[in-house]
Amino acid sequence: MDAQNGTLVVQMYAYESNGQPTFYLASGALQNDRFSAPLMRYSGGRYFGSGPRSGAEAGSPGNVNVRFTSGTTGFITFPNEPEVAISRFNFGYAFAPASLKGIWTLTSFGSEGMLADAVEFTRLEDATANGNGIMVSPNGLFGCEHQVRGQLAGGVLCESPRV
Numbered sequence: 000m001d002a003q004n005g006t007l008v009v010q011m012y013a014y015e016s017n018g019q020p021t022f023y024l025a026s027g028a029l030q031n032d033r034f035s036a037p038l039m040r041y042s043g044g045r046y047f048g049s050g051p052r053s054g055a056e057a058g059s060p061g062n063v064n065v066r067f068t069s070g071t072t073g074f075i076t077f078p079n080e081p082e083v084a085i086s087r088f089n090f091g092y093a094f095a096p097a098s099l100k101g102i103w104t105l106t107s108f109g110s111e112g113m114l115a116d117a118v119e120f121t122r123l124e125d126a127t128a129n130g131n132g133i134m135v136s137p138n139g140l141f142g143c144e145h146q147v148r149g150q151l152a153g154g155v156l157c158e159s160p161r162v
């Protein structure tokens with residue numbers, strides 16, 4: 000699944016009820032964090048060792064629906080299946096507390112306009128109930144933590160833990 004410039008593409012490889020492997024593809028507009036399009040079935044294309052061959056569209060079992068709840072989480076519904084939660088699969092970088100170590104620029108937009116600050120995280124403190132360890136500033140007045148469970152799982156929560 001990939002979204003670029005307002006277009007979402009969903010592709011998957013699955014099996015029919017008879018065991019036949021099948022390739023599926025859907026694409027269309029992503030609007031207001033939602034997507035719905037026919038999940039098209041394809042068959043016939045190139046296989047290892049074959050010459051050039053084009054796959055052919057072979058109908059659709061129905062629409063695939065996606066609704067995103069954040070930049071990395073959401074829900075998907077395939078034809079004839081219940082809605083299930085989805086999240087970006089993180090395989091290249093661990094959610095290790097030490098990955099937050101270093102100097103960070105924090106920017107916010109609000110009623111006071113744009114505010115920006117830089118903070119350095121230098122040491123690790125204990126984990127909260129939903130995190131894996133807070134990296135804090137040298138004076139301990141500000142910290143950020145990877146959220147590994149709960150509603151914010153997959154995100155980073157920053158706060159002033161000692162104020």
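According to numbering that gives the first Met the number 0, the stretch in the sequence shown is residues 0 to 162, in order. For glycine and all other residues, C-beta sits at the position ideal for the given N, C-alpha and C.
Extent of the continuous beta strand (DSSP E) run through residue i
{"i": "ASN163", "result": "Since the first and last residues shown for the chain are 0 and 162, residue 163 lies out of range."}
{"i": "LEU123", "result": "122 to 124"}
{"i": "LEU105", "result": "101 to 109"}
{"i": "ALA95", "result": "Looking at the DSSP string, ALA95 is not in any beta strand (DSSP E), and its letter there is neither H nor E."}
{"i": "VAL135", "result": "133 to 135"}
Secondary structure of residue i, DSSP reduced to three states
{"i": "ALA25", "result": "strand"}
{"i": "SER59", "result": "coil"}
{"i": "SER42", "result": "strand"}
{"i": "PRO51", "result": "coil"}
{"i": "LEU151", "result": "coil"}
{"i": "PRO78", "result": "coil"}
{"i": "ALA128", "result": "coil"}
{"i": "GLY112", "result": "strand"}
{"i": "TYR14", "result": "strand"}
Sub-9 Å separation of residue i and residue j beta-carbons
{"i": "GLY101", "j": "GLU119", "result": "yes"}
{"i": "MET39", "j": "LEU24", "result": "yes"}
{"i": "THR71", "j": "TYR41", "result": "no"}
{"i": "ARG33", "j": "PHE88", "result": "no"}
{"i": "LEU123", "j": "PRO96", "result": "yes"}
{"i": "SER26", "j": "ALA36", "result": "yes"}
{"i": "GLY54", "j": "GLY43", "result": "yes"}
{"i": "LEU7", "j": "VAL65", "result": "yes"}
{"i": "PHE74", "j": "ILE85", "result": "yes"}
Opposing strand residues paired with residue i [DSSP bridges]
{"i": "GLY73", "result": "PHE67 and ILE85"}
{"i": "ASP1", "result": "VAL8"}
{"i": "GLN30", "result": "ARG33"}
{"i": "GLU144", "result": "LEU156"}
{"i": "GLY139", "result": "For GLY139, which the question treats as bridged, DSSP gives no partner whatsoever."}
{"i": "GLU119", "result": "ILE102"}
9 Å Cβ cutoff, residue i in contact with chain C
{"i": "LEU24", "result": "This model lacks chain C altogether; it includes just one protein chain."}
Touching or not, the segment 109 to 117 and the segment 149 to 158, by the rule of three or more beta carbon pairs under 8 Å? Segments in contact, no.
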